[in-house]
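Below is one structure, written out as structure tokens, with a few remarks after it.
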Amino acid sequence: GEDVEQSLFLSVREGDSSVINCTYTDSSSTYLYWYKQEPGAGLQLLTYIFSNMDMKQDQRLTVLLNKKDKHLSLRIADTQTGDSAIYFCAESGGGGNKLTFGTGTQLKVEL
Amino acid sequence: DGGITQSPKYLFRKEGQNVTLSCEQNLNHDAMYWYRQDPGQGLRLIYYSQIVNDFQKGDIAEGYSVSREKKESFPLTVTSAQKNPTAFYLCASSIGNPGRSSGYTFGSGTRLTVV
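So the sequences go chain by chain: A and B.
Read in order, the letters of the first sequence correspond to residues 208 to 318 in my numbering.
Read in order, the letters of the second sequence correspond to residues 9 to 123 in my numbering.
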């Protein structure tokens with residue numbers, strides 16, 4: 208079945224780069240997503256990558272996809288305190304009728 | 009502005025009571041979803057509906073029920089059969105299959121606490 212794994216915590220200093228990693232199992236996923244959740248709120252779509260791409264850059268965000276290893280990463284350049292949140296990766300799966308989410312990575316940005 | 013609204017934001021339930029969480033969207037999305045979020049466990053799918061008057065169980069449907077009488081609305085009832093209902097509940101919607109660039113749109117969540 209589908210399974211998406213992430214590490215639970217990441218701590219970085221303000222101004223450094225953050226790299227959040229994710230592994231997934233369903234190689235037929237068409238899209239892979241990164242969502243951000245601030246405390247007590249819903250999830251916001253940050254970015255996505257189509258499965259035939261290796262990399263996507265969007266301002267401070269860089270998504271890398273290694274289909275062979277089923278590994279997805281999100282790099283946040285020049286991390287700010289406002290980036291402190293939980294980050295979820297998600298895959299669309301082969302059927303595409305629902306998303307499977309990872310456990311979420313709590314990013315803490317320290318001054 | 010289009011969006012998805014969950015209410016109430018906070019809800020308290022006594023043991024043995026049923027409670028209903030509201031989810032309404034004006035995005036004209038076909039599909040709607042309910043997830044439960046617990047610390048360290050990510051999001052777990054409770055129920056989803058791809059069209060009006062039809063819905064499917066997710067991974068943790070026991071103790072929950074839903075209805076989809078209107079395209080805009082997908083209420084979730086937490087029944088007394090759900091033994092550990094304290095959690096953060098998230099509703100989401102998508103244009104048909106979410107496996108496209110738009111993914112899901114989420115509501116702001118309802119925090120349910122058993123007292």
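Virtual Cβ for every residue (Gly too), placed ideally from N, Cα, C.
Legend entry - Any C-beta of chain A under 7 Å from that of LEU98 of chain B: Taking the second sequence and counting its residues from 1, one reaches residue 98 of chain B at position 90. Taking Cβ atoms only, chain A reaches closer than 7 Å to LEU98 of chain B, which makes this a yes.
Inset, instruction - For the stretch 221 to 232 of chain A and the stretch 290 to 299 of chain A, state whether three or more C-beta atom pairs, one from each stretch, are separated by less than 8 Å. - result: Cβ pair count under 8 Å is three or more, so yes.
Inset, instruction - Starting from VAL316 of chain A, follow the beta strand (DSSP E) in both directions and report where the run begins and ends. - result: The residue given as residue 316 of chain A occupies position 109 in the first sequence. Bounds of the beta strand (DSSP E) holding VAL316 of chain A are 312 to 317.
Legend entry - Cβ neighbour criterion (16 or more within 10 Å) applied to ARG220 of chain A: As a working mapping, residue 220 of chain A is identified with position 13 in the first sequence. The residue is exposed, with fewer than 16 neighbouring Cβ atoms inside 10 Å.
Inset, instruction - Please name the residues in the stretch 27 to 51 of chain B whose beta-carbon is closer than 7 Å to at least one beta-carbon of chain A, in chain order. - result: The stretch 27 to 51 of chain B vs chain A, Cβ under 7 Å: TYR41, GLY48, GLN49, GLY50, LEU51.
Inset, instruction - Go ahead and pull the three-state DSSP assignment for ASP290 of chain A. - result: Position 83 of the first sequence, counting from 1, holds the residue named residue 290 of chain A. Assigned with DSSP and collapsed to three states, ASP290 of chain A falls in helix.
Inset, instruction - Leaving aside the five residues before and after ARG119 of chain B along the sequence, list all residues of the same chain whose C-beta is less than 6 Å from its C-beta, in chain order. - result: Working through the second sequence from its first residue, we reach residue 119 of chain B at position 111. These residues qualify, in order along the chain: TYR18, PHE96.
Inset, instruction - Measure the Cβ-Cβ separation of ALA284 of chain A and GLU245 of chain A and say whether it is below 7 Å. - result: The residue given as residue 284 of chain A occupies position 77 in the first sequence. The residue given as residue 245 of chain A occupies position 38 in the first sequence. Taking C-beta atoms as the reference points, ALA284 of chain A and GLU245 of chain A fail to come closer than 7 Å.
Inset, instruction - Taking the CB atoms as reference points, tell me whether GLY71 of chain B and THR87 of chain B lie closer together than 7 Å. - result: Position 63 of the second sequence, counted from the start, is the residue given in the question as residue 71 of chain B. Position 79 of the second sequence, counted from the start, is the residue given in the question as residue 87 of chain B. In this structure, THR87 of chain B lies closer than 7 Å to GLY71 of chain B by Cβ.
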